[in-house]
Amino acid sequence: METAELVFLPSLAVGHLVSTLKFITQFLDRDHRFSATILLMKPPFALTPTPGNSDPPPPTSTPRIRYIHLPCPPDPPPIQILHKSPENYFSLYVESYKSLVKNAVVDLVVPVAGLVLDVFCTSMIDVGDELGINSYIFLTSGAGFLGFMFHLEARDRLVGVEFDKSEADSTIPCFTHSVPMGALPQFAFNGDGGFSSMAKQARKLKESKGIIINTFAELHQPSVWSSLSEDGIPPIYTVGPVLDLKSENRPTPDEKQSREIKGWLDNQPPSSVVFLCFGSWGCFSQPQVMEIANGLESSGVRFLWSLRSPPPPHKQLEPPSDYADVDDVLPEGFRERVNGKGRVCGWVRQVDILAHRAIGGFVSHCGWNSILESIWHAVPLAAWPQYAEQQINAFELVRELGLAVEMKIDYHRDCGYLVSSDQIDRAVRCLIDGDDAEEMRKRMKEASEKSREALVHGGSSYTSFGNLIDNMVATFL
Ligand code: UDP
1 METAELVFLP SLAVGHLVST LKFITQFLDR DHRFSATILL MKPPFALTPT
51 PGNSDPPPPT STPRIRYIHL PCPPDPPPIQ ILHKSPENYF SLYVESYKSL
101 VKNAVVDLVV PVAGLVLDVF CTSMIDVGDE LGINSYIFLT SGAGFLGFMF
151 HLEARDRLVG VEFDKSEADS TIPCFTHSVP MGALPQFAFN GDGGFSSMAK
201 QARKLKESKG IIINTFAELH QPSVWSSLSE DGIPPIYTVG PVLDLKSENR
251 PTPDEKQSRE IKGWLDNQPP SSVVFLCFGS WGCFSQPQVM EIANGLESSG
301 VRFLWSLRSP PPPHKQLEPP SDYADVDDVL PEGFRERVNG KGRVCGWVRQ
351 VDILAHRAIG GFVSHCGWNS ILESIWHAVP LAAWPQYAEQ QINAFELVRE
401 LGLAVEMKID YHRDCGYLVS SDQIDRAVRC LIDGDDAEEM RKRMKEASEK
451 SREALVHGGS SYTSFGNLID NMVATFL
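The sequence shown runs 1 to 477 under the UniProt record's numbering.
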């Protein structure tokens, strides 16, 4: 084989796009016979800070990558579907790109070794089939979530209806503990297209030539791997953790704020500070902000809190932004009272914060990138999922792996429920000096070491990556 092209179709969600871009550069660095074309769909609405929104595309130091910005799809789904189920809307939106993707691949006029598709883009497997090109999936979430997806697909086949919150805890083959209904993602209960579209994606996943997962084998329980080795499930390749440790594809934080935070952290005792940060879409209602502030204050634990403002009502589909003045939403006098012990900030470079020796715990929404970053830096978590698949990630971290304390694993954004200041107080104290804190820190340290070992020559992810390349080359020739 002289050279071969891989065509990537990432999803529009920033968390998916960033790890996909990183995976691509790692792939090309690892095997110089490959080059990559990245097809970028137009987001249906402003999804800033998605780097793919910008034109020209995000900078990359790796040659052999080209970007193709696809135009708007000819026949997008009606926006009303979005309000019933974002998952269904995104699936249909991607599907409406089929002819544009097909034309773009045909126009490449180079031999294409594979389509590498996001989990929301499985409909493009049909395009690959039409063109005689193998399709692979790059899954930006964990293997536990994949196991759950296949469970959901089986439910759709055997029972035919979505989950109901009043059902008893569920036995899901990939997990050793039974799963409370509340720990399932919101789409599992959505009879308006959420459940059925995710079941359809899971069915299509089985038609791929392989599923590449941003995780490492040692992280998950053996039950995950046995459930994923069942008949009908394609080969699994674990290549992670794929991390954007330099935050190359992220918004640039306020540099003055970053310097001040670093200076402050430098003066805190090791492993004493709890960091609160909730991903690119994380924000809270005013009453919830008050509960968090009161919980942090009464805990007496040192903290760094990345607090972001929800979009205004007429821009509900836009991501949060930094507050012009955080004092507007915090309890009166809060910042003066906690001065020296706690800080409130806006968007920060999360990976830099987690790397600091003063950080002893991370209150997180359990987005998969955040989990991997926390593991990499050996910081135990408190799990407070918000949206997407985060509840199932939180369940796995808390109940299956013992790497996180539970803030509230059955929390869903917009559920109308407030996590109380008492719950917050308890969880952050538990994280820093609870009975199990030392043990959890030890487990996290082991997981961190394993995550690093997985990537070096001979490690599980390094080897699996090699197997993926061998498979691609063998089936391409
Ligand atoms: N992030 C960051 N600063 C912030 C919030 C988030 O650098 O203030 C980064 C974080 O390091 C992670 C990503 O944004 O890489 C969030 O991805 P994740 O999968 O955890 O959650 P999502 O944003 O997709 O919900």
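Quick reminder that beta carbons are idealized off the backbone N, C-alpha and C, glycines included.
Rounded to whole angstroms, what's the CA-CA distance from residue 382 to residue 103? Just pull it up for me.
In this structure, the alpha-carbon of residue 382 lies about 46 Å from that of residue 103.
Name the two residues that bound the continuous alpha helix (DSSP H) containing residue 365.
Counting along the chain, residue 365 falls outside any alpha helix (DSSP H), and DSSP gives it neither H nor E.
Just mark residue 224 as buried or exposed, buried being the case when its beta carbon has 16 or more other beta carbons within 10 Å.
That one is buried.
Residue burial classification, residue 219 (beta-carbon count within 10 angstroms, cutoff 16)
Flag for residue 219 reads buried.
Please tell me whether, using a cut-off of 8 Å, the distance from the CB of residue 136 to the nearest non-hydrogen atom of the ligand UDP is below it.
It does not: the Cβ of residue 136 is nowhere closer than 8 Å to a heavy atom of the ligand UDP.
Is it true that the segment 133-140 meets the segment 111-120, where meeting means three or more beta-carbon pairs spaced less than 8 Å apart?
The segment 133-140 and the segment 111-120 touch, with no fewer than 3 CB-CB distances between them shorter than 8 Å.
Can residue 269 and residue 358 be called in contact, C-beta distance under 9 Å?
Yes, these two residues count as a Cβ contact at 9 Å.
Continuous beta strand (DSSP E) stretch holding residue 274: start and end
If you look at residue 274, you'll find it in the beta strand (DSSP E) that goes 273-277.
Uninterrupted alpha helix (DSSP H) stretches inside the segment 185-240 (no shorter than 4 residues):
The qualifying runs are 194-205 and 222-227.
Just how far apart, CA to CA, sit residue 378 and residue 99?
A direct Cα-to-Cα measurement between residue 378 and residue 99 gives close to 45 Å.
Return yes when at least one heavy atom of the ligand UDP lies under 8 Å from the C-beta of residue 116, else no.
No, since every heavy atom of the ligand UDP falls outside the 8 Å radius drawn around the Cβ of residue 116.
Span of the beta strand (DSSP E) around residue 405:
Boundaries of the beta strand (DSSP E) around residue 405: 404-406.
Short Cβ contact (9 Å threshold) for residue 451 with residue 376:
In contact: residue 451 and residue 376 (Cβ atoms closer than 9 Å).
Cα separation between residue 164 and residue 267?
So the alpha carbons of these two residues sit roughly 49 Å apart.
Return yes when the C-beta of residue 350 is under 8 Å from any heavy atom of the ligand UDP, and no when it is not.
Distances from the CB of residue 350 to the heavy atoms of the ligand UDP include at least one below 8 Å.
Per the contact definition of three or more C-beta pairs closer than 8 Å, is the segment 418-433 in contact with the segment 341-351?
The segment 418-433 and the segment 341-351 do not touch, with fewer than three beta-carbon pairs separated by less than 8 Å.
Compute the beta-carbon to beta-carbon distance between residue 478 and residue 391, rounded to the nearest angstrom, for a pair I have assumed lies under 8 Å.
The structure shown has nothing for residue 478, since the chain only spans 1 to 477.
Any non-hydrogen atom of the ligand UDP closer than 8 Å to residue 247 Cβ:
Distances between the C-beta of residue 247 and the heavy atoms of the ligand UDP include at least one below 8 Å.
Buried or exposed by the 16-neighbour rule on C-beta atoms within 10 Å, applied to residue 283
Burial state of residue 283 is buried, judged by a 10 Å Cβ sphere holding 16 or more other Cβ atoms.
Classify residue 438 as helix, strand or coil using the three-state DSSP reduction.
Reduced to three states, the DSSP call for residue 438 is helix.
Thinking just about the alpha-carbon of each residue, which of 306, 162, 88 and 471 is nearest to the one in residue 193?
Answer by Cα proximity: 88.
Determine the direct distance from the alpha carbon of residue 344 to that of residue 471, and round the result to whole angstroms.
Residue 471 and residue 344: Cα-Cα distance of roughly 49 Å.
Drop a sphere of 10 angstroms on the beta-carbon of residue 158, count the other beta-carbons inside from all chains shown, and report buried for 16 or more, exposed for fewer.
Exposed, by the Cβ-count rule.
Apart from the five residues on each side of it in sequence, which residues of its chain come closer than 6 Å, Cβ to Cβ, to residue 141?
For residue 141, where only same-chain residues beyond five positions count, the Cβ hits under 6 Å are 368 and 389.
Taking the beta strand (DSSP E) that residue 112 belongs to, which residues open and close that run?
Segment 112-117, the beta strand (DSSP E) holding residue 112.
Quick check: what's the CA-CA separation for residue 120 versus residue 341?
Their Cα atoms are separated by approximately 43 Å.
Per the DSSP calculation, residue 302 is bridged to which residue(s)?
Answer by DSSP bridge pairing, in chain order: 273.
Taking Cβ to Cβ, would you say residue 291 is nearer than 9 Å to residue 424?
Contact annotation: residue 291 and residue 424 have beta-carbon atoms nearer than 9 Å.
CB-CB length for residue 150 against residue 188, believed under 8 Å
Contact doesn't hold; Cβ gap of about 13 Å is too wide.
Residues in its own chain within less than 6 Å of residue 278 by CB, not counting five upstream and five downstream?
For residue 278, where only same-chain residues beyond five positions count, the Cβ hits under 6 Å are 365.
Would the beta-carbon of residue 279 be found less than 8 Å away from any heavy atom of the ligand UDP?
Result yes, Cβ under 8 Å from the ligand UDP.
Less than 8 Å between the CB of residue 377 and some heavy atom of the ligand UDP, yes or no?
Answer for residue 377: no, Cβ out of range of the ligand UDP.
Three Cβ pairs or more, each shorter than 8 Å: is that satisfied between the segment 14-29 and the segment 79-87?
The answer is no - the segment 79-87 does not touch the segment 14-29, with fewer than three Cβ pairs under 8 Å.
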